[in-house]
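First comes the structure, then the notes that go with it.
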Amino acid sequence: LFSVIGMFLLLTGAVMAYSQNYEEMISKYGPVPEAILEPPVAEVIASEKSSLMSKIFGGRSLSRAEARTKACYAYQRVTMGAVEMYNMDNATMYKTLNFSDVADARGMLVTAKYVKSPMVMPEPSCHLRSYGDLSDSSVIYCDYHGCIPDEQQELRKAAGYTPKVRAAKTGDNTMLAVFVILGVLSVGVMIVLNNVLPKAPKS
808 LFSVIGMFLL
818 LTGAVMAYSQ
828 NYEEMISKYG
838 PVPEAILEPP
848 VAEVIASEKS
858 SLMSKIFGGR
868 SLSRAEARTK
878 ACYAYQRVTM
888 GAVEMYNMDN
898 ATMYKTLNFS
908 DVADARGMLV
918 TAKYVKSPMV
928 MPEPSCHLRS
938 YGDLSDSSVI
948 YCDYHGCIPD
958 EQQELRKAAG
968 YTPKVRAAKT
978 GDNTMLAVFV
988 ILGVLSVGVM
998 IVLNNVLPKA
1008 PKS
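Taking the working numbering, I'd label the letters of the sequence shown as residues 808 to 1010.
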């Protein structure tokens, strides 16, 4: 019976840990970092999605930027899990993320085996940080990729932030459009010449 009660309390605690009060978080720890509200990678993803190549071949598959962003999210989850395990095992709480603790071979969370090996991030601009108190309510985020979308949405809502609307950019597609047009014209010229020029007599 006691083991069942203990398991129930553990599960209840896990649910409560992930039911964060984002308004309270902002009240305690100040404004939400810009990298969470509008991560720099969003501009790159929007540009890739609006590219001529994407429009020609369809945009169903993940762009390169999206794939790397999802990889960064996975590292964020691993980092949060490592910190939570550390705080369960130790009396002194780990409150603020030091990126070297998960990215360097001598990092504290690596040497203590809370992370199996130093994290090799998907892009050089990846740098993980924490917003809030990792022993209380917090979010792991990246300077370039931001944080996990569900948390970003909740923090935007709590902060009363309206996301930027990104217009499709055509400047990056100019050269590609020129090459496509030249290719079509070249094929057309070859067809015309093939029909107009006299054919060699059969021997």
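Ideal Cβ positions, reconstructed from N, Cα and C, are used throughout, including at glycine.
Would you identify the three-state DSSP class for residue i, choosing helix, strand or coil?
i     : result
R913  : coil
C933  : coil
V851  : helix
N1002 : helix
G967  : coil
C954  : coil
S945  : strand
Y893  : helix
Y1056 : As displayed, the chain neither begins before 808 nor continues past 1010, which places residue 1056 out of reach and without an answer.
Y921  : coil
Y836  : helix
V991  : helix
Y938  : strand
E841  : helix
Y880  : helix
A874  : helix
L904  : coil
M926  : coil
Measure the alpha-carbon distance for residue i versus residue j and round it to whole angstroms.
i    : j    : result
L989 : V922 : 53 Å
K920 : N894 : 13 Å
R884 : E891 : 11 Å
Y790 : S993 : The structure shown has nothing for residue 790, since the chain only spans 808 to 1010.
S937 : V991 : 52 Å
V839 : K856 : 27 Å
I852 : Y901 : 34 Å
A889 : V909 : 9 Å
D979 : E831 : Low confidence applies to D979: its pLDDT is 49, below 50, so where it sits in the model is not reliable, and the reading given next is rough at best. Approximately 42 Å, taken between the alpha carbons.
S845 : M997 : One detail in the question is off: residue 845 reads as Glu in this sequence, not Ser. So the two alpha carbons sit approximately 49 Å from each other.
R871 : M926 : 20 Å
A966 : G939 : 14 Å
Q827 : R963 : 14 Å
Y829 : E873 : 26 Å
S854 : A912 : 36 Å
E850 : E841 : 14 Å
S924 : A878 : 16 Å
Comparing alpha-carbon positions, which option in the options lies nearest residue i?
i    : options                 : result
I843 : M997, E958, I998, N1002 : E958
D950 : P925, Q960, L935        : L935
P931 : A912, V848, E841        : V848
C933 : Y880, S854, Q960, E841  : Y880
M928 : S907, E841, E961        : S907
For the ligand MG, any of its heavy atoms closer than 8 Å to the Cβ of residue i?
i    : result
G888 : Only the bare structure without any ligand can be found here, which leaves the ligand MG out of the picture.
Which whole-angstrom value is the C-beta distance of residue i and residue j, which I expect to be below 8 Å?
i    : j    : result
L904 : T876 : Their Cβ separation, rounded to whole angstroms, is 19 Å, which puts L904 and T876 out of contact at 8 Å.
Open item on the list: Assess contact between the segment 943-954 and the segment 833-845, defined as three or more Cβ pairs (one per stretch) separated by less than 8 Å. Is contact present?
Closed with: Judged by Cβ distances under 8 Å, the segment 943-954 makes contact with the segment 833-845, as three or more pairs qualify.
Open item on the list: Can you confirm whether the segment 895-905 touches the segment 952-959 when touching is taken to mean that 3 or more C-beta pairs between the two stretches lie within less than 8 Å?
Closed with: Result no; under three Cβ-Cβ pairs closer than 8 Å.
Open item on the list: Assess contact between the segment 959-971 and the segment 906-916, defined as three or more Cβ pairs (one per stretch) separated by less than 8 Å. Is contact present?
Closed with: They do not touch, by the three-pair rule.
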